[in-house]
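Trainee: Dropping a structure here in structure tokens format, bear with me for questions.
Residue numbers (UniProt numbering): 1 to 274.
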């Protein structure tokens with residue numbers, strides 16, 4: 001999808017905090033309506049990064065996640081958005097990645113709040129090409145059967161700098177239990193480390209002293225004693241555990257539940273293609 005030149009949506013009344021902010025319409029000219037007028041928020045970018053990691057195995061160079069991350073960083077620096085902020089439209093409708101099989105590969109389309117922001121041809125032999133003709137990086141990962149471990153590693157990439165909270169530990173515990181089939185924590189496993197990190201973070205005064213999701217979930221696949229493809233029931237169970245332990249009752253954007261949901265959706269779509 002050719003992005004063209006950035007534009008400023010018309011008819012938007014700026015608040016003092018949003019003045020000069022980079023909006024979705026600036027980054028993705030094809031976006032319209034209310035979304036085009038909203039500043040790009042850090043957790044929107046983190047969620048898109050998680051989705052790209054699940055599909056491609058990495059964040060695409062010059063892709064939507066990278067563009068959103070740059071815009072969100074600029075907005076955070078100018079005080080237009082907070083570090084933990086998500087755009088209301090994306091918090092409700094989310095970001096999604098849709099794939100359609102074609103001879104020799106698949107067409108991948110990325111959406112923010114239901115609006116397409118990027119499209120790529122992912123060839124089976126030589127990688128992905130952006131719809132506008134620019135290279136978008138090689139695809140070296142089969143999207144069939146994304147596992148729980150891979151979904152946890154995607155969380156480490158998307159929200160790796162976020163300090164581990166009680167809700168994260170609960171989600172990781174639920175994910176590990178579903179991967180291993182064990183009711184109790186594995187000694188020294190992911191859940192045990194996440195619970196210890198969350199407890200320590202509750203007493204830490206400085207953010208730099210807090211353990212992060214990246215600390216806990218790096219190399220999650222190798223550290224699980226067993227692993228399995230993510231199914232819808234797994235995603236629902238993890239989401240329930242995370243939501244019950246968050247004060248606002250909602251999942252962390254780009255967090256464990258979000259990555260599990262994206263993985264379950266990809267696995268379900270792949271099964272339809274077969």
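Glycine included, each C-beta is placed from N, C-alpha and C at the ideal position.
Please read these numbers as outputs of a predicted model, since none were measured by experiment.
Would you say residue 54 and residue 266 are within 8 Å of each other, going by their C-beta atoms?
Mentor: Yes, these two residues count as a Cβ contact at 8 Å.
Trainee: What alpha helix (DSSP H) runs, 4 residues minimum, are completely inside the segment 159-185?
Mentor: Here the runs fully enclosed are 166-180.
Trainee: Could you tell me which of 249, 157, 150, 224 sits nearest to residue 213, measuring between CA atoms?
Mentor: Of the candidates 249, 157, 150, 224, the one whose C-alpha sits nearest the C-alpha of residue 213 is 157.
Trainee: Based on Cα-Cα distance, which residue from 150, 70, 90 lies nearest to residue 57?
Mentor: Minimum Cα distance to residue 57 is reached at 150.
Trainee: Any idea which residues DSSP pairs residue 49 with across the strands?
Mentor: None, per the DSSP bridge assignment.
Trainee: Do residue 259 and residue 154 count as a contact pair if the criterion is CB distance below 8 Å?
Mentor: Going by C-beta atoms, residue 154 is nearer than 8 Å to residue 259.
Trainee: May I ask you to report which of helix, strand or coil DSSP gives residue 29?
Mentor: In the structure shown, residue 29 sits in coil (DSSP, three-state: anything other than H, G, I, E or B).
Trainee: Compute the distance between the beta-carbons of residue 71 and residue 27, then report whether it is under 8 Å.
Mentor: In contact: residue 71 and residue 27 (Cβ atoms closer than 8 Å).
Trainee: Can you give the beta carbon distance from residue 97 to residue 164, rounded, assuming they're within the 8 Å contact cut?
Mentor: With a Cβ gap of about 26 Å, residue 97 and residue 164 do not count as contacting.
Trainee: Quick one: grab the DSSP three-state call for residue 85.
Mentor: Residue state, collapsed to three classes: coil.
Trainee: Using DSSP with H/G/I as helix, E/B as strand and the rest coil, what is residue 256?
Mentor: It is helical.
Trainee: Give me the Cα-Cα distance between residue 25 and residue 63, rounded to the nearest whole angstrom.
Mentor: Their backbone Cα atoms lie some 16 Å apart in a straight line.
Trainee: What does a CB cutoff of less than 7 Å around residue 166 pick up in its chain, not counting 5 residues either side in sequence?
Mentor: Counting only Cβ-Cβ distances below 7 Å, and skipping sequence neighbours, we find 198, 245.
Trainee: Using beta-carbon positions only, say whether residue 255 and residue 174 come within less than 8 Å of one another.
Mentor: Result no, Cβ atoms of residue 255 and residue 174 do not sit closer than 8 Å.
Trainee: Between the Cα of residue 359 and the Cα atoms of 113, 83, 207, which residue gives the shortest distance?
Mentor: Not covered by the structure: residue 359. The range shown for the chain is 1 to 274.
Trainee: Any idea which residues DSSP pairs residue 23 with across the strands?
Mentor: Looking at the DSSP assignment, residue 23 forms a beta bridge with 39.
Trainee: Report, in whole angstroms, the separation of the C-beta atoms of residue 251 and residue 51, which I expect to be a contact under 8 Å.
Mentor: In fact, because the Cβ distance is near 14 Å, the residues do not count as touching under 8 Å.
Trainee: Quick one: what's got a C-beta closer than 7 Å to residue 228's C-beta in the same chain, skipping five residues either side?
Mentor: These residues qualify, in order along the chain: 147, 148, 179.
Trainee: Tell me which residues share the same chain as residue 183 and place their Cβ nearer than 8 Å to its Cβ, disregarding the 5 neighbours each side in the sequence.
Mentor: So the qualifying residues of the chain are 177.
Trainee: Can you pull the DSSP bridge partners for residue 284?
Mentor: Since the first and last residues shown for the chain are 1 and 274, residue 284 lies out of range.
Trainee: Determine the burial state of residue 45: buried for a count of at least 16 other Cβ atoms within 10 Å of its Cβ, exposed for fewer.
Mentor: It counts as buried.
Trainee: Alpha carbon to alpha carbon, how far is residue 253 from residue 43?
Mentor: Taking the straight line from one Cα to the other gives about 6 Å.
Trainee: Please state if the CB of residue 170 and the CB of residue 241 are separated by a distance shorter than 8 Å.
Mentor: A contact, by the Cβ cut-off of 8 Å.
Trainee: Alpha carbon to alpha carbon, how far is residue 230 from residue 268?
Mentor: So the alpha carbons of these two residues sit roughly 9 Å apart.
Trainee: Check whether the Cβ atoms of residue 108 and residue 31 sit closer than 8 Å, and answer yes or no.
Mentor: For residue 108 and residue 31, no; Cβs fall outside 8 Å.
Trainee: Rounded to a whole number of angstroms, what is the C-alpha to C-alpha distance between residue 239 and residue 41?
Mentor: Approximately 22 Å, taken between the alpha carbons.
Trainee: For residue 195, which option in 243, 205, 211 has the closest C-alpha, if you only look at C-alpha atoms?
Mentor: Of the candidates 243, 205, 211, the one whose C-alpha sits nearest the C-alpha of residue 195 is 211.
Trainee: Report the three-state DSSP secondary structure of residue 250 (helix, strand or coil).
Mentor: In this structure, residue 250 counts as coil in the three-state DSSP scheme.
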